[in-house]
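Report on one structure; see the data block that follows.
Numbering (the working numbering), first residue to last: 2 to 278.
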């Protein structure tokens with residue numbers, strides 16, 4: 002999510018919907034009758050995939066009449082999960098046109114096109130009225146955004162007073178330098194990491210309150226170990242979105258990210274805060 006065209010180019014390989022359909026067939030699923038659960042290995046394009054989406058959902062109280070915003074919605078996996086779990090409406094915005102097109106097709110496939118709407122656009126200039134949303138979440142997006150003040154300012158603008166914001170992101174850790182490419186960037190030129198403490202400070206400066214964050218590095222390392230064990234047993238890992246989206250480059254990206262976690266060059270974090278009422 003940035004106005005820089007190379008950010009969107011990083012995520013676009015073409016024929017994504019066709020590749021998802023082929024993967025579903027390989028799983029023994031009719032791609033024309035797949036549900037939200039069958040799509041989860043492929044459409045939850047963020048660290049630990051569905052595991053994190055479920056984890057975050059379990060911390061929230063969302064009513065059926067709530068309207069949520071997904072900033073950097075990708076191909077819509079979290080938005081569809083929230084809509085199905087809570088019965089609420091979810092609007093997503095993403096910079097990558099192919100992601101938005103695929104998300105809309107998958108929304109229709111699972112019968113959620115009336116409750117999940119996707120917009121192609123920039124998170125720094127969102128086409129939504131002020132105080133439109135009861136809650137906002139964003140998963141593995143801010144790493145591509147240099148101007149955090151503009152991002153948090155836009156989120157605060159569209160959030161209702163008292164509304165919540167949840168971020169699941171990759172932060173800069175105390176360890177050595179990170180190797181690229183990663184799932185979010187080909188090089189450091191497109192990667193804008195900040196420490197967890199700086200993230201909290203930027204949110205505070207942006208007018209958010211009740212800010213808490215937690216480091217989920219141990220969970221990420223455990224998830225990676227479980228996934229590798231499944232592959233060694235000849236099973237498919239639970240999270241296959243990076244491979245689906247990045248193709249042949251996914252293995253190198255995943256290895257660099259896992260090494261970054263192990264060496265604490267990067268830290269996965271979850272941040273919770275509110276817009277004052």
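Glycine included, every Cβ here is placed at the ideal spot set by N, Cα and C.
Do residue j and residue i count as a contact pair if the criterion is CB distance below 7 Å?
i           : j           : result
residue 131 : residue 158 : yes
residue 149 : residue 203 : yes
residue 50  : residue 240 : yes
residue 254 : residue 200 : no
residue 136 : residue 40  : no
residue 268 : residue 147 : no
residue 197 : residue 270 : yes
residue 45  : residue 32  : no
residue 37  : residue 85  : yes
residue 168 : residue 124 : no
residue 17  : residue 99  : yes
residue 185 : residue 275 : no
residue 217 : residue 273 : no
residue 14  : residue 248 : yes
residue 121 : residue 101 : yes
Tell me residue i's beta-bridge partners as DSSP assigns them.
i           : result
residue 214 : 272
residue 95  : 121
residue 129 : DSSP, once it has assigned bridges, lists no residue as partnering residue 129.
residue 136 : 69, 165
residue 246 : DSSP lists no partner for residue 246.
residue 267 : 173
residue 86  : None; residue 86 has no bridge partner.
Check the C-beta distance from residue i over to residue j and give it rounded, since I have them as a contact under 8 Å.
i           : j           : result
residue 110 : residue 35  : 6 Å
residue 82  : residue 54  : 5 Å
residue 176 : residue 266 : 4 Å
residue 210 : residue 277 : 5 Å
residue 27  : residue 191 : Contact flag wrong, Cβ pair sits at about 31 Å.
For residue i, which option in the options has the closest C-alpha, if you only look at C-alpha atoms?
i           : options            : result
residue 170 : 162, 160, 152, 194 : 194
residue 71  : 264, 198, 215, 160 : 160
residue 262 : 251, 178, 74       : 178
residue 163 : 106, 89, 208, 190  : 208
residue 189 : 155, 222, 52, 144  : 144
residue 76  : 117, 187, 234      : 117
residue 244 : 7, 122, 42, 60     : 42
residue 78  : 103, 88, 59        : 103
residue 180 : 260, 139, 155, 229 : 260
residue 74  : 60, 47, 214        : 47
residue 215 : 230, 10, 57        : 57
residue 222 : 235, 248, 264, 232 : 264
residue 10  : 235, 119, 220, 97  : 97
residue 93  : 119, 106, 62       : 119
residue 19  : 80, 88, 106, 59    : 106
residue 60  : 154, 138, 252, 220 : 138
residue 128 : 233, 108, 155, 115 : 155
residue 66  : 80, 226, 228, 134  : 134
residue 140 : 52, 232, 236       : 52
residue 232 : 174, 80, 252       : 252
residue 174 : 258, 108, 234, 115 : 258
residue 87  : 115, 63, 220       : 63
Indicate, with yes or no, if the ligand MN has a heavy atom lying under 6 Å from the CB of residue i.
i           : result
residue 266 : For the ligand MN, the structure offers nothing, since it holds no ligand at all.
*Within the segment 10-83, ranges of the alpha helix (DSSP H) (whole runs, at least 4 residues)*: 17-27, 37-44, 51-58
*Residue ranges of each alpha helix (DSSP H) within the segment 154-212, 4 or longer*: 197-206
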